[in-house]
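S.K.: I'd like to ask some things about the structure below.
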Amino acid sequence: MSTSYIPPEFRWTNDTETCCRCKRCIKQCGWGALRWEHRVVADQQACVGCHRCEVFCPESCITVLPNPTFYRPNANWTLRHRKNVYRQAESGGVLLTGMGADQDFPVLFDSLFLDACQVTNPSIDPLREPMELRTYLGRKPEQVEVAVAADGRVSLKTPLAPNYQLAFPIIFSPMSYGSISLTAQKSLAMAAEALGILWNTGEGGLHEQVKPYAHCAVVQCASGRFGVNVEYLHAGAAVEIKIGQGAKPGIGGHLPGEKVTADVSTTRMIPLGSDAISPAPQHDIYSIEDLRQLIFALKEAVDYQKPVGVKIAAVHNVAAIASGIVRAGADYVYLDGVRGGTGAAPSVIRDNLGIPIELAIAAVDQRLREEGIRNQASLIAAGSIRSSADMAKAIALGADAVAIGTAALLSLGCTLCQKCYTGRCSWGITTQDPELTRRIDPVWGAERVANLVHAWAAELEEMLGAMGVNAVESLRGSRERLRAVGLDDRTLAILGVKPAGVGA
Amino acid sequence: MQGHTPFDLTARTLSGCGLSAMMSRRGHSVNGEAIIRSIGLLRERGNGLGGGFAVYGCYPHYAEEFAFHLMYYTPRAQEETERYLDEHFELVHEEHIPTRPVEGVDPSTAPALRRYFLHPKPLKLAESMLPTAEDYVLRAVMEINVRLDGAYVFSSGKNMGAFKAVGSADQVGRFYRLEEYQGYIWIAHDRFPTNTPGWWGGAHPFTLLDFAVVHNGEISSYGINKRYLEQFGYQCTLRTDTEVMAYLLDLLLRRHQLPVDVACTVMAAPFWRDIDALAERDPEKAELYRALRMVYAGALVNGPFAIVFGHRRGMVGLNDRIKLRPLVAAEKDDWVLLSSEESGILEMCPDPDRIWAPRGGEPTIVELDADVFPAVPSAVTRADFGPLAPQETTR
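Just so you know, the protein sequences line up as chains A and B, in that order.
Residues in the first sequence are numbered consecutively from 1, following the numbering used here.
Residues in the second sequence are numbered consecutively from 1001, following the numbering used here.
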């Protein structure tokens, strides 16, 4: 094998004056990029820029910078394109990546602005007045019927379908044990329990260690059916059929055999060391009527006691697809936009397939309302919810709740180096190496994740208060509280949002 | 600008206001003098750009006919509307709505005002496949208001009428000669619009069939309330918050057959913490509240409001759930009085037996006594509803 034509992406340096030679950086690097030769020496090619060593250096003497190597500029043949060609010339393979799309895609959230009260209606101070974020996931009837007894006592006549009560309109997105470490998953599970929200098993089964948190877990049933049995379905708070993922719409998953350790093999119910292949489609779902059968098979399995939802990637015809899913009996629809994250995906898929979540959620919410079936399912928006503001805007566009994956991992230390698929994560998140996974203490991790959700919830309360409403349902679908800057008329029409400067 | 209606109907009008109302539980009628004086006293709460009244029991001679009040801004609008009415309804009587010149009501902005007493043509009603005459009337009102430029139905109930104009409310009352009408429910409203186009139709009350609503406030949840109502076929054409209130009431009370107090807990829902606390004492009732909030999330009216709405059997006063706008209630014999201010009540009745400030979200429900108006099975209940008890101040 000849030398790679691709120069290192990062330049690792340390200040030898202040370096105390503790070698901690060498130990921290999961990539084997550092070694000891009377001083710390870096294999620049191996550094992924995850900054683990830098954060843990007691002398703060490490600096990781982008490699300043200069190529002749070419606006068409960007460095990214050139490097990808070199890589493929070297390997002949599909280029892999991790996490969500990193390109400069338009983020419509950033063109949307929220309203606030001035004079004619008062804003509400969330520190002094109640502010309600409680959200129910699941199917609702179109109307409530009540019985009035002779003594005037009113009682409920309409039976309600199972709904899951969320303390905040936030849930964790599916991340399987396998794609992430058990310590990372347990952090999310413990945080979800403490917060009163949901975590999601992803397609990785339910490990013994997280079973105590199954009561607040969405258990996923994806194309590989890993870890799925009746006990698993009954253990969860809700069941989710995974059709697609925003980062890789239309394609399946591949957990290489090297990562199928004894523990992973038991949890997924597959042979030790075998590749875990999730097929691109679910092989018993080739049509909407097939989906309906699986939805009801799962509802039967859980005695109609839990919501059954469907997760899809946001694609061009998402509104019609979502409508079909609701009519097929799903209790919620999880929409994952093009900027959504992944543990491993071909770059070309991640960066080119699907549509942004803002347009998807707006189109789906409107379509379901036009068809009079919006009450029949909750909508979850995902695919790069980066802040409480993104969450508020997604809710205003029509989402019942948002799902966060990347943000939750960032709170565990992830720096978005995008190398999840290598299984060498120095932060102990996307790896199965016990030396690395033990870097996350789930108690510590749960606290950080819960802090994040509490912070976003507090910010959402501030925004609701500024808008003069004291319940999140008064923002949900209230596009009147959004204004846009710099969007074309067609996009505005799809979003159902007026341009800024237009009043009530 | 939309057709011949000389105002921008695409702009939503925000307004502050004053309101007063009175009702006799025994169905005793009085003329409009007291209510005109009461709302006149609250003139500081309005700005002379809109006032209006609703009165129940005013058309005893045509009590079983739908009474349509129409505003026409062009002769053509009148022609088209009358053609439409001829085609769809049997007209029993029609006439000009009597008025008198009054300072403060500008005749140059005035539309032609006519009223029609009518009922659906039986054959047309059958052909429409609509379940009731009320649905038929509702559709007709929507069609005229949406489709026919320059025509506006501002009242369509039975044995009740709405009267409204640009001017101060007391001037509007004199303009329509309301001291010559008799009624057992009177509801009045004086308006302080902040961006009014000065359109007569923009004044309160807003009516739909027998419902009449007056409203002080701005609905901060307007965007979702409007989209929620659209799912049930309501089109919010007037771009006023109050229209949303009228449609919500129609949906909850008439179409979904919810008792009045239940409908009030939908629009001004109890807090989750109160529902959770109630669950320990009365799980069944807490379950009802939980279901109402889950199912009718889009009908929660958030933001400051005080409303009074009338229907044939009674009247209800309601505040938003944290009482961001004033509302005072009082009782004297068989009369119940509501007003934005205590002074407004004392102007109607100088010596009430009892006067109190209803809490946020706590409806003040007044009904005709059963012997006056026999209760309909699915109608108003007086169940002790909600975790909050009334806070009473005795004078």
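Note that beta-carbon positions come from the ideal geometry of N, C-alpha and C, so glycine has one too.
All of these numbers come straight from a predicted model, not from anything done at the bench.
In the structure shown, what three-state DSSP assignment does N74 (chain A) receive?
M.R.: If DSSP states are grouped into helix, strand and coil, N74 (chain A) belongs with coil.
S.K.: Within 10 Å of its beta-carbon, does E129 (chain A) have 16 or more other beta-carbons around it, so buried, or fewer, so exposed?
M.R.: With fewer than 16 Cβ atoms within 10 Å of its Cβ, E129 (chain A) is classed as exposed.
S.K.: Looking at the structure shown, is L487 (chain A) part of a helix, part of a strand, or coil, going by DSSP?
M.R.: Coil.
S.K.: Quick check on DSSP: helix, strand or coil for Y5 (chain A)?
M.R.: Three-state DSSP puts Y5 (chain A) in coil, outside helix and strand.
S.K.: Does I380 (chain A) get closer than 9 Å to chain B when you measure Cβ to Cβ?
M.R.: Taking Cβ atoms only, chain B never reaches closer than 9 Å to I380 (chain A), which makes this a no.
S.K.: Are the C-beta of N1216 (chain B) and some C-beta of chain A separated by less than 9 Å?
M.R.: No, N1216 (chain B) lies away from the interface with chain A (no Cβ there is under 9 Å from its Cβ).
S.K.: Taking L1288 (chain B) as the query, report the chain E residues whose CB atoms sit under 9 Å from its CB, ordered along the chain.
M.R.: In summary, chain E is missing from the structure at hand, where the protein chains are A and B.
S.K.: In the DSSP assignment, find the unbroken beta strand (DSSP E) run with T63 (chain A) in it and report its ends.
M.R.: Looking at the DSSP string, the run of the beta strand (DSSP E) that includes T63 (chain A) is I62 to P66.
S.K.: Among residues of its own chain, excluding the 5 on either side of G1361 (chain B), which ones have a beta-carbon nearer than 6 Å to its beta-carbon?
M.R.: The residues are A1268 and R1321.
S.K.: Rounded to whole angstroms, how far is the Cβ of A408 (chain A) from the Cβ of L166 (chain A), which I believe are closer than 8 Å?
M.R.: Actually they are not in contact, since the Cβ atoms of A408 (chain A) and L166 (chain A) sit about 15 Å apart, beyond 8 Å.
S.K.: Within the 9 Å Cβ cut-off, does T25 (chain A) reach chain B?
M.R.: For clarity, residue 25 (chain A) is Cys in the given sequence; the question names Thr instead. So no, C25 (chain A) is outside the interface.
S.K.: Distance cutoff 9 Å, beta carbons only. Does Y136 (chain A) sit that close to anything in chain B?
M.R.: Closer than 9 Å to some Cβ of chain B, the Cβ of Y136 (chain A) qualifies, so yes.
S.K.: What residues from chain A crowd round R1359 (chain B), counting only those whose CB sits closer than 9 Å?
M.R.: Neighbours of R1359 (chain B) on chain A: none; closest Cβ ~14 Å, over 9 Å.
S.K.: So who's on the other strand from E1095 (chain B), going by DSSP bridges?
M.R.: Looking at the DSSP assignment, E1095 (chain B) forms a beta bridge with B:R1115.
S.K.: Where does W1200 (chain B) fall in DSSP's three states?
M.R.: Looking at W1200 (chain B) - three-state DSSP - the assignment turns out to be helix.
S.K.: With a cut-off of 8 Å on the beta carbons, I'd call P279 (chain A) and S223 (chain A) a contact; round off their distance for me.
M.R.: Right, their Cβ atoms sit about 5 Å apart.
S.K.: I'd like to know whether the C-beta of V1295 (chain B) is nearer than 9 Å to at least one C-beta of chain A.
M.R.: Output row for V1295 (chain B): interface = yes.
S.K.: Does the beta carbon of A457 (chain A) sit closer than 9 Å to a beta carbon anywhere in chain B?
M.R.: Chain B contact via Cβ: absent.
S.K.: For the alpha helix (DSSP H) that contains Q185 (chain A), what are its first and last residues?
M.R.: It spans L182 to L195 - the alpha helix (DSSP H) in which Q185 (chain A) sits, taken as one unbroken run.
S.K.: Buried or exposed for S474 (chain A), please, with buried defined as at least 16 other CB atoms from any protein chain shown within 10 angstroms of its CB.
M.R.: Buried.
S.K.: Return the chain-ordered list of same chain residues with a C-beta closer than 6 Å to the C-beta of G445 (chain A), the five sequence neighbours on each side being excluded.
M.R.: Here the set comprises S187 and L412.
S.K.: Using a beta-carbon distance below 9 Å, is W1199 (chain B) in contact with chain A?
M.R.: No - not a single Cβ of chain A is within 9 Å of the one on W1199 (chain B).
S.K.: Determine which residues share a DSSP beta bridge with R1254 (chain B) and list them.
M.R.: DSSP, once it has assigned bridges, lists no residue as partnering R1254 (chain B).
S.K.: Just the chain A side, please: which residues come within less than 9 Å of W1272 (chain B) by C-beta, in chain order?
M.R.: By Cβ distance, chain A contributes P130, E132, R134 and A471.
S.K.: Rounded to a whole number of angstroms, what is the C-alpha to C-alpha distance between P1107 (chain B) and M1071 (chain B)?
M.R.: Cα to Cα, P1107 (chain B) sits roughly 13 Å from M1071 (chain B).
S.K.: Quick check: is the beta carbon of L492 (chain A) nearer than 9 Å to any beta carbon in chain B?
M.R.: L492 (chain A) does not count as touching chain B.
S.K.: Can you find a C-beta in chain B that's less than 9 Å from the C-beta of M391 (chain A)?
M.R.: With 9 Å as the cut-off, M391 (chain A) does not count as an interface residue toward chain B.
S.K.: So for W31 (chain A), helix, strand or coil by DSSP?
M.R.: DSSP places W31 (chain A) in coil when its eight states are reduced to three.
S.K.: Taking the CB atoms as reference points, tell me whether Y1152 (chain B) and N1159 (chain B) lie closer together than 9 Å.
M.R.: Cβ distance not < 9 Å, so Y1152 (chain B) and N1159 (chain B) don't count as in contact.
S.K.: Express the C-alpha separation of Y213 (chain A) and A194 (chain A) in angstroms, rounding to a whole number.
M.R.: Between A194 (chain A) and Y213 (chain A), the C-alpha separation is close to 10 Å.
S.K.: In whole angstroms, what is the alpha-carbon distance linking A432 (chain A) and V55 (chain A)?
M.R.: For clarity, residue 432 (chain A) is Gln in the given sequence; the question names Ala instead. Cα to Cα, the separation comes out at about 22 Å.
S.K.: So which residues on chain A does P1304 (chain B) lean against when the C-beta distance must stay under 8 Å?
M.R.: Here the neighbours are N121, P122 and G468.
S.K.: I'd like to know whether the C-beta atoms of P169 (chain A) and G465 (chain A) end up nearer to each other than 9 Å.
M.R.: No, these two residues do not count as a Cβ contact at 9 Å.
S.K.: Could you compute how far the alpha carbon of L1148 (chain B) sits from the alpha carbon of A189 (chain A)?
M.R.: So the alpha carbons of these two residues sit roughly 59 Å apart.
S.K.: Going by Cα to Cα distance, which pick from A:E142, A:I62 and A:T97 is closest to E17 (chain A)?
M.R.: For the residues A:E142, A:I62 and A:T97, the minimum Cα distance to E17 (chain A) belongs to A:I62.
S.K.: Using a cut-off of 7 Å between C-beta atoms, extract the partners of P169 (chain A) located in chain B.
M.R.: Under the 7 Å cutoff, chain B gives no residues; its nearest Cβ is about 12 Å from P169 (chain A).
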